[in-house]
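Residue numbers (our numbering): 107 to 412.
For reference, the structure is listed below as structure tokens.
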């Protein structure tokens with residue numbers, strides 16, 4: 107007579123106990139509290155960021171009378187289009203001239219600066235030459251120098267060259283971006299494999315062709331990330347324009363709005379111009395980040411995983 111042997115599995119195996127502990131950790135009160143705190147901080151940060159823009163949007167819908175007689179976050183008589191027409195046609199459309207100048211300084215200057223940063227960072231990553239790390243350390247030292255500190259020396263140099271009160275007075279200094287060079291080297295290390303470069307050299311490709319045809323397309327996310335940083339810095343470059351420019355036809359939009367705001371105490375009708383003009387000036391930054399955010403997100407994780 108054969109006997110049947112029943113094998114029983116313990117109810118709490120190590121695997122099950124580990125899964126139970128993991129589930130407990132996922133639903134623990136501390137984890138929920140931490141998640142709640144993080145979400146609360148993000149909500150506060152979003153509120154802090156969006157409140158001024160929201161106030162601008164509400165204030166731009168008001169007439170001069172409603173601007174001072176109603177609550178800050180109350181809608182006016184919806185004079186937004188009338189206010190926009192007033193801004194764009196005031197003083198023979200000088201605001202549109204300022205807006206175009208800002209586009210020129212930010213787009214052209216940032217594109218040229220980003221290309222130089224990408225090329226420089228790629229060279230630091232790819233090639234070995236004497237004094238390479240010391241030179242890169244000097245570049246990193248440039249990151250620590252505030253731009254306001256070097257504005258006076260830059261003005262004196264621009265005076266010697268004769269480019270003060272010209273477009274070049276803002277375009278040429280924008281080409282130098284030490285932080286962009288640092289980011290470009292990080293992006294090159296993360297995106298451009300040395301094996302691909304060696305294979306291209308074996309196939310007989312020159313260095314310029316390798317950079318333009320292989321490395322530069324791989325560095326597209328990094329290019330967009332550096333471009334966004336440069337674009338934002340150029341668009342908000344108020345002090346440099348204040349030092350270098352005297353002709354109002356060369357002003358960027360932020361300096362022009364500052365000049366309008368400086369006379370609001372004597373001429374209160376300028377308030378609506380400043381408010382509506384400030385709202386329009388925010389639009390390019392929003393459009394740039396919304397349209398290029400996928401490149402920006404992927405670029406920020408370039409050096410995270412090797």
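Beta carbons: idealized from backbone N, C-alpha and C, even for Gly.
Since this is a predicted model, take the numbers as computed values, not measurements.
A distance below 8 angstroms separates the beta carbons of residue 271 and residue 351. With contacts defined as CB atoms closer than 8 angstroms, residue 287 and residue 237 fail to qualify as a contacting pair.
Linking residue 230 to residue 223 through their CA atoms gives a straight-line distance of about 10 angstroms.
The beta carbon of residue 168 sits closer than 6 angstroms to the beta carbons of 182 from its chain, once the five residues preceding and following it are set aside; these are given in chain order. The straight-line gap separating the alpha-carbon atoms of residue 394 and residue 284 is approximately 22 angstroms.
Fewer than three beta-carbon pairs drawn from the stretch 289-309 and the stretch 252-265 are found closer than 8 angstroms, and the two stretches are therefore not classed as touching. Distance from the CA atom of residue 184 to the CA atom of residue 383, rounded to whole angstroms, is 16 angstroms. Taking every protein chain shown into account, the CB of residue 155 has fewer than 16 other CB atoms within 10 angstroms, so this residue is exposed. Within the model, the alpha-carbon separation for residue 347 versus residue 365 is close to 12 angstroms. Membership of residue 257 in the alpha helix (DSSP H) is indicated by the continuous run 257-267. Below 8 angstroms, enough C-beta pairs join the stretch 366-383 and the stretch 192-199 to call them touching: three or more. About 12 angstroms separates the beta carbon of residue 390 from that of residue 204, a gap too long to meet the 8 angstroms contact definition.
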